[in-house]
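Trainee: The structure follows.
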Amino acid sequence: MRLSTLGRWIGREGDRERPLRRRAEAVLAQPWAPFLWNNEQLRDVMPWYFVRGEGARLWDENGREFIDLELGLGCTLLGHNHPVVREALLQHAGQPIVTSLLHRHEVEVAELLTSLFPSAERVVFGKNGSDACTAAARVARAATGRNFILCHGFHGFHDWFAADMGTLPGMVPSFAGYTKQFLPFNDVAAVEALADEHSQDLAAIMMEPAYRHLPQEGYLQAVRRIADKHGALLIFDEMITAFRMHRGGAQTVYGVTPDLTCVGKSLANGLPLSALMGRKDVMQYVNKIFYGMTFQHDSVALAVSRACLQYYRDHDVAGDVNRKGEKLRQIFNDASAAAGLTGRGVGLAARMDLDFTPVGHLGLHEQRQIFARETIKHGVLPVRVALPCEMLTDADLEKIQEAFTYGCRQVARSLPRR
Ligand SMILES: Cc1ncc(COP(=O)(O)O)c(C=O)c1O
3 MRLSTLGRWI GREGDRERPL RRRAEAVLAQ PWAPFLWNNE QLRDVMPWYF
53 VRGEGARLWD ENGREFIDLE LGLGCTLLGH NHPVVREALL QHAGQPIVTS
103 LLHRHEVEVA ELLTSLFPSA ERVVFGKNGS DACTAAARVA RAATGRNFIL
153 CHGFHGFHDW FAADMGTLPG MVPSFAGYTK QFLPFNDVAA VEALADEHSQ
203 DLAAIMMEPA YRHLPQEGYL QAVRRIADKH GALLIFDEMI TAFRMHRGGA
253 QTVYGVTPDL TCVGKSLANG LPLSALMGRK DVMQYVNKIF YGMTFQHDSV
303 ALAVSRACLQ YYRDHDVAGD VNRKGEKLRQ IFNDASAAAG LTGRGVGLAA
353 RMDLDFTPVG HLGLHEQRQI FARETIKHGV LPVRVALPCE MLTDADLEKI
403 QEAFTYGCRQ VARSLPRR
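Here the sequence shown is numbered in our numbering, starting from 3 and rising by one per residue.
This is the structure we're talking about:
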């Protein structure tokens with residue numbers, strides 16, 4: 003056997019993930035992490051399974067170490083295996099998980115949320131962000147007796163929202179036409195025009211108050227006034243901004259109080275928990291819209307959430323994570339400039355898009371793909387967005403700098419010569 007063939011053979015034999023991938027493909031409909039389902043090109047370089055995680059680091063089946071900058075679609079704000087989460091899990095071990103009764107933690111988590119978020123007078127829990135957003139939409143429709151919802155951003159995979167995301171197999175066509183995205187962000191006249199057009203049937207304006215675009219001064223206040231003028235509710239989807247931007251969400255930072263707020267993701271640092279919260283008079287509709295699910299009162303997620311919220315209350319986690327995010331932004335911007343590119347880290351420092359300017363046939367997507375492939379090979383996952391966690395260290399940032407420098411160089415090499 004030639005040496006190179008032998009090397010490849012040894013490599014394959016030693017690859018512990020390969021047989022697991024084969025087993026997975028035989029039984030799982032989605033055998034890979036979420037961002038790989040519509041990104042076939044990264045499936046070969048990206049590990050599919052982790053065996054261990056600590057802070058920002060993950061280890062795969064082959065013992066390779068990676069820095070996780072995606073953190074489970076952004077839910078792991080503190081980091082993997084954070085002592086606060088570990089301790090809460092250990093303390094709760096041995097207690098029933100879901101029973102015929104509720105656990106006192108449910109009250110305590112709701113108390114913490116009402117003390118942190120200006121809009122929260124009443125709270126109801128769910129398992130996913132999509133649950134909270136769907137409940138918000140139904141509550142708004144029930145409270146106003148209207149149907150139409152103006153949206154900005156992503157509000158989950160449920161039919162009320164997904165119906166207007168283009169032609170989706172499996173969608174009842176008549177569900178479409180009850181929501182519309184208002185664009186561009188920060189354009190008051192654009193929201194106003196759509197609100198005027200749908201005034202009679204406008205139940206709510208639902209929006210992500212910030213992330214890729216930060217609101218300009220007065221913008222959220224203007225949207226609040228537009229909602230009031232039309233008798234519609236204002237809903238903030240704070241799935242990303244809650245805890246990551248500020249412990250009290252974007253509503254605290256910008257001083258605009260919505261009628262309803264949806265939170266999830268970092269609410270329990272990776273355990274499945276979301277919440278819809280809002281004005282007492284509006285929240286009473288939760289009991290009229292048929293809202294509930296088997297695992298709603300799961301005491302493990304609530305125990306962890308209680309510990310996380312106490313920690314967020316007593317420590318400036320968001321401040322710390324945003325400072326780390328600014329360092330990450332600088333690293334990316336510098337790596338891009340050094341390679342002669344104009345790439346920029348865009349949006350909230352704690353959740354940034356890594357953008358490239360299209361050049362010739364290489365658009366944003368193509369450049370991001372090249373960048374991600376190379377950075378993954380250099381031990382940083384995945385990378386299209388960058389989400390720092392509290393446990394991200396200076397040593398992690400050094401490794402990221404090496405990977406980003408290499409990634410940007412490879413992008414530059416692929417560009418057509420000018
Ligand atoms: C702003 C926003 N809203 C809603 C959702 C849906 O949350 P989930 O995936 O937990 O259902 C997401 C998920 O990424 C999100 O980013």
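We treat Cβ as the ideally placed atom computed from N, Cα and C, and that holds for glycine.
From a predicted model like this one, the values you see are computed outputs, not experimental measurements.
Is it buried or exposed for V258, if we count other Cβ within 10 angstroms and need 16 for buried?
Mentor: For the purposes of this step, residue 258 is taken as residue 256 along the sequence shown, with counting starting at 1. The residue in question, V258, is buried, as its Cβ has 16 or more Cβ neighbours within 10 Å.
Trainee: What I want to know is whether the C-beta of M354 ends up closer than 7 Å to one or more non-hydrogen atoms of ligand 3.
Mentor: No copy of ligand 3 appears in this structure; the ligands present are ligand 1.
Trainee: Between D239 and M209, which are expected to be in contact by the criterion C-beta below 8 Å, what is the C-beta distance as a whole number of angstroms?
Mentor: In the sequence shown, residue 239 corresponds to position 237, counting from 1. In the sequence shown, residue 209 corresponds to position 207, counting from 1. Confirmed, about 7 Å.
Trainee: Rounding to the nearest angstrom, what Cα-Cα distance links F118 and A28 in this structure?
Mentor: Start at 1 with the first residue of the sequence shown, and residue 118 comes out as number 116. Start at 1 with the first residue of the sequence shown, and residue 28 comes out as number 26. According to the sequence as given, residue 118 is Leu; it is not Phe. Between L118 and A28, the C-alpha separation is close to 46 Å.
Trainee: For the alpha helix (DSSP H) containing T377, name the first residue and the last one.
Mentor: Position 375 of the sequence shown, counted from the start, is the residue given in the question as residue 377. Per DSSP, T377 belongs to the alpha helix (DSSP H) from L366 to K379.
Trainee: CB-CB under 6 Å to P49, same chain, minus the five flanking residues each way: which ones, in chain order?
Mentor: Within the sequence shown, the letter at position 47 stands for residue 49. Only D62 meet the Cβ criterion.
Trainee: Could you tell me the alpha carbon to alpha carbon distance between R249 and R315, rounded to whole angstroms?
Mentor: Sequence index remark: in the sequence shown, residue 249 carries index 247 (1-based). Sequence index remark: in the sequence shown, residue 315 carries index 313 (1-based). R249 and R315: Cα-Cα distance of roughly 7 Å.
Trainee: Please return the same chain residues whose Cβ sits closer than 6 Å to the Cβ of F127, not counting the five positions on each side in sequence.
Mentor: Along the sequence shown, one-based indexing puts residue 127 at 125. Closer than 6 Å at the Cβ level, and outside the excluded window around F127, lie A277 and Q298.
Trainee: Express the C-alpha separation of Q223 and M354 in angstroms, rounding to a whole number.
Mentor: One-based indexing of the sequence shown puts residue 354 at position 352. One-based indexing of the sequence shown puts residue 223 at position 221. Rounded to whole angstroms, M354 to Q223 spans 24 Å at the Cα level.
Trainee: Is I333 helix, strand or coil by DSSP?
Mentor: By one-based count along the sequence shown, residue 333 stands at place 331. In this structure, I333 counts as helix in the three-state DSSP scheme.
Trainee: Pull up the DSSP beta-bridge partners for G55, would you.
Mentor: Taking the first residue of the sequence shown as position 1, residue 55 is located at position 53. Per DSSP, L60.
Trainee: For V326, does the count of other Cβ atoms within 10 angstroms reach 16, so buried, or fall short, so exposed?
Mentor: In the sequence shown, residue 326 corresponds to position 324, counting from 1. Before going on, a small fix: residue 326 reads as Lys here, not Val. Looking at its Cβ environment, which holds 16 or more other Cβ atoms inside 10 Å, K326 is buried.
Trainee: Report the option in L417, C391 and K379 whose CA atom is closest to the CA atom of F406.
Mentor: Looking up residue 406 in the sequence shown gives position 404. Answer by Cα proximity: K379.
Trainee: Determine the contact status of L350 and M247, defining contact as a CB-CB distance below 8 Å.
Mentor: Position 348 of the sequence shown, counted from the first residue, corresponds to residue 350. Position 245 of the sequence shown, counted from the first residue, corresponds to residue 247. Yes.
Trainee: Keeping to the same chain, check which residues put their C-beta closer than 7 Å to that of L364; ignore five residues upstream and five downstream.
Mentor: On the sequence shown, position 362 is the one that residue 364 refers to. So the qualifying residues of the chain are S416 and L417.
Trainee: Which one or two residues does DSSP pair with G280 in a beta bridge?
Mentor: Position 278 of the sequence shown holds residue 280. Bridge partners of G280: R124 and L262.
Trainee: Do you know offhand how far W39's Cα is from R25's?
Mentor: Translated into the one-based positions of the sequence shown, residue 39 becomes position 37. Translated into the one-based positions of the sequence shown, residue 25 becomes position 23. Looking at the two C-alpha atoms, the distance is approximately 17 Å.
Trainee: The alpha helix (DSSP H) spanning Q298 covers which residue range?
Mentor: To locate residue 298, count along the sequence shown from 1; it is residue 296. Premise fails: Q298 is in no alpha helix (DSSP H) and is neither H nor E.
Trainee: Tell me which residues share the same chain as M393 and place their Cβ nearer than 7 Å to its Cβ, disregarding the 5 neighbours each side in the sequence.
Mentor: Here residue 393 refers to the residue found at position 391 of the sequence shown. The residues are G57, A58, L80, G81 and H84.
Trainee: Using the beta-carbon count (16 or more within 10 Å), is M285 buried or exposed?
Mentor: The sequence position of residue 285 within the sequence shown is 283, counting from 1. So M285 counts as buried.
Trainee: So T243 and P211 are supposed to be a Cβ contact under 8 Å. How far apart are they, rounded?
Mentor: Position 241 of the sequence shown, counting from 1, holds the residue named residue 243. Position 209 of the sequence shown, counting from 1, holds the residue named residue 211. With 8 Å as the limit, T243 and P211 qualify as a contact, their Cβ atoms being about 6 Å apart.
Trainee: Between I242 and ligand 1, is there a pair consisting of the residue's CB and a ligand heavy atom that are separated by less than 7 Å?
Mentor: The residue given as residue 242 occupies position 240 in the sequence shown. Yes, the beta carbon of I242 sits closer than 7 Å to at least one heavy atom of ligand 1.
Trainee: Exposed or buried, which one is R419 when buried takes at least 16 other CB atoms within 10 Å?
Mentor: By 1-based counting over the sequence shown, the position of residue 419 is 417. Exposed, by the Cβ-count rule.
Trainee: Using the C-alpha atoms, what's the distance from R18 back to A320?
Mentor: Within the sequence shown, the letter at position 318 stands for residue 320. Within the sequence shown, the letter at position 16 stands for residue 18. Cα-Cα distance, rounded: 38 Å.
Trainee: Look at the alpha carbon of M3 and the alpha carbon of P36, and state the distance between them as a whole number of angstroms.
Mentor: Working through the sequence shown from its first residue, we reach residue 3 at position 1. Working through the sequence shown from its first residue, we reach residue 36 at position 34. Per-residue confidence for M3 stands at a pLDDT of 38, beneath the threshold of 50, marking its modelled position as unreliable; the derived number appears in the next sentence. Cα to Cα, the separation comes out at about 40 Å.
Trainee: Any heavy atom of ligand 1 within a distance shorter than 7 Å of the CB on S132?
Mentor: Translated into the one-based positions of the sequence shown, residue 132 becomes position 130. Checking the Cβ of S132 against ligand 1 gives yes.
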